[in-house]
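Student: Numbering of the sequence shown is given in the numbering used here, commencing with residue 537 and proceeding in unit increments.
A virtual CB, placed ideally from N, CA and C, is assigned to each residue, including glycine.
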Amino acid sequence: MNKPTKTVPKFANEAEERAFWESHDSTDYVDWSKARKVALPNLKPTTKTISLRLPQHLLASIKAAANARDVPYQSLIKVWLQEKLHGH
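(1) Assuming the contact rule is C-beta atoms closer than 8 Å, Pro540 and Asp567 should be a hit. Round their C-beta distance to whole Å, please.
(2) Mapping the DSSP letters down to three states, classify Lys580 as helix, strand or coil.
(3) Measure how close the beta-carbons of Leu612 and Ile598 come, nearest whole angstrom, since I'm counting them as under 8 Å.
Right, here's the structure in full:
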């Protein structure tokens, strides 16, 4: 692989950096042949807050099921959605 020929500029903020990389090829700036794999064991997945409207009786049933398992009901909903998505 050819050596990179350009120096990565300094960015004022993340938005500026994001805009730069959206319009530039990183191979002009980085020698990817020297890249190494890294493990990030403590990295948590990014979450997104959503609003979900449920009938009161359904939410009450979910909360009761969560209480019986001694877990927060939002966590139980996430587990159930994950299991349904992956067919467990």
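Tutor: So, from the data block:
(1) Position 4 of the sequence shown, counted from the first residue, corresponds to residue 540. Position 31 of the sequence shown, counted from the first residue, corresponds to residue 567. Between Asp567 and Pro540 the Cβ distance is about 5 Å, and since that is below 8 Å, they are a contact.
(2) To locate residue 580, count along the sequence shown from 1; it is residue 44. Residue state, collapsed to three classes: coil.
(3) Counting from one through the sequence shown, the residue named residue 612 turns up at place 76. Counting from one through the sequence shown, the residue named residue 598 turns up at place 62. That pair is a contact at about 7 Å.
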